[in-house]
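Let me begin by presenting the structure, written as structure tokens, before commenting on it.
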Amino acid sequence: MINIFKQAYEVLNVLKIYHPFINGPNGEYVKQMLMDYPDVRINIPPLSVMKDEISVAGEKNGVMAVVEKIKEISKVLVC
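Numbering (the working numbering), first residue to last: 59 to 137.
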């Protein structure tokens with residue numbers, strides 16, 4: 059049984075031009091985050107979809123950690 063209170067869903071506003079940098083070379087950054095937090099799903103829209111957002115869903119603590127990691131990467135890109 060899944061406790062719905064342990065689940066989380068976050069949508070981050072990240073400009074589409076930065077999505078490849080969040081994904082990392084050959085998707086390595088996202089792969090590493092998914093290995094570190096296997097109960098989390100990260101949705102970076104494909105290149106054909108014109109959206110400035112990334113969604114993260116899954117176990118609450120993992121979602122919070124992945125969101126912070128994405129924010130860290132975004133902060134470096136914007137500066």
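Cβ atoms here follow ideal geometry from the backbone N, Cα and C, with glycine treated the same way.
Fair warning: this is a prediction, and the values are worked out from it, not measured in the lab.
Assignment of alpha helix (DSSP H) within the segment 62–98, counting only whole runs of 4 or more residues, yields 77–81, 86–94 in chain order. If you look at V121, you'll find it in the alpha helix (DSSP H) that goes 118–136. According to DSSP, I112 shares a beta bridge with L70. Leaving aside the five residues that flank S106 on each side, none in its chain has a CB nearer than 7 angstroms to its CB.
Taking a contact to require three or more Cβ pairs closer than 8 angstroms, the segment 123–133 and the segment 78–86 qualify as touching.
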